[in-house]
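With the sequence shown counted from 1, adding 76 to any position gets you this note's numbering. We put the CB at the ideal spot given by N, CA and C, even for glycine. As the structure is a prediction and not an experimental result, all values here were calculated from the model. Here's the structure, in structure tokens; my notes come after.
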Amino acid sequence: AAAAHRPPLQLHGLHARYANAVYTSASKSGQLDKVEGELLAIASTAATSPAFAQFLENPLISRSSKEKTVTDLLSGKVSPVTLNLMTTLAGNARLSEAPKIVDTYSRLMKAARGEVSATIISADPLTKAQTDAVASAMKGQVGAGKKVVLSTEVDPSILGGLQVQIGDQFLDLSVKSRIDELARTAV
Numbered sequence: 077a078a079a080a081h082r083p084p085l086q087l088h089g090l091h092a093r094y095a096n097a098v099y100t101s102a103s104k105s106g107q108l109d110k111v112e113g114e115l116l117a118i119a120s121t122a123a124t125s126p127a128f129a130q131f132l133e134n135p136l137i138s139r140s141s142k143e144k145t146v147t148d149l150l151s152g153k154v155s156p157v158t159l160n161l162m163t164t165l166a167g168n169a170r171l172s173e174a175p176k177i178v179d180t181y182s183r184l185m186k187a188a189r190g191e192v193s194a195t196i197i198s199a200d201p202l203t204k205a206q207t208d209a210v211a212s213a214m215k216g217q218v219g220a221g222k223k224v225v226l227s228t229e230v231d232p233s234i235l236g237g238l239q240v241q242i243g244d245q246f247l248d249l250s251v252k253s254r255i256d257e258l259a260r261t262a263v
């Protein structure tokens with residue numbers, strides 16, 4: 077029964093310990109998606125509100141004061157799982173790690189949904205047809221039952237071609253890398 081609530085990825089380190097505990101707790105209470113939404117909202121607030129970000133980062137605010145403030149801010153507004161994480165982080169003087177813990181939890185949720193993040197970097201913006209063609213080729217790389225979540229970036233410094241990141245695999249098909257390779261072999 078415990079295996080049913082185990083995180084879908086084996087991640088290690090400080091952020092993973094907290095994210096794994098939250099995933100297991102949210103899974104047991106049937107609130108995985110709700111907790112993800114709440115945590116993403118907290119991370120978004122930290123990214124857009126300098127005052128909130130400073131509160132998270134400030135080591136001069138006592139642990140007990142941070143715990144009380146977190147409880148006052150979130151109690152009744154978020155699930156018990158999210159509230160427990162945030163008060164635990166406050167009590168352990170780890171609130172500054174909240175955005176990275178949220179990122180790690182999001183990785184677990186993407187894995188649970190069978191999503192694989194992919195990024196296409198091109199020198200010029202790609203047309204929809206070009207993006208669709210690359211996305212179609214990626215589907216064969218990620219395996220059956222997986223969904224490619226695609227983002228695109230433009231980086232004129234690669235001169236032409238593409239750079240593709242699928243999960244933790246990187247494929248450099250850029251003109252710049254070819255020129256660099258030729259320069260190395262010509263010397």
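As computed with DSSP, D248 is found in a beta bridge with Q239. Annotated as proximal: E143 and G167, with beta-carbon spacing under 8 Å. Excluding residues up to 5 positions away in sequence, L132 and E133 lie with their Cβ nearer than 7 Å to the Cβ of S172 in the same chain. About 5 Å separates the beta carbons of K223 and E191, which is inside the 8 Å limit, making them a contact pair.
Using a C-beta cut-off of 8 Å, the segment 188-204 makes no contact with the segment 113-133, since fewer than three inter-stretch Cβ pairs fall below that distance.
As the crow flies, the alpha-carbon of A205 is around 14 Å from that of L226.
When the beta-carbon positions are compared, Q107 and V157 come within less than 8 Å of each other. Contact between S250 and I234 is confirmed by a C-beta separation of about 4 Å, below the 8 Å threshold. For H88, the number of other beta carbons within 10 angstroms of its own is below 16, and it is reported as exposed.
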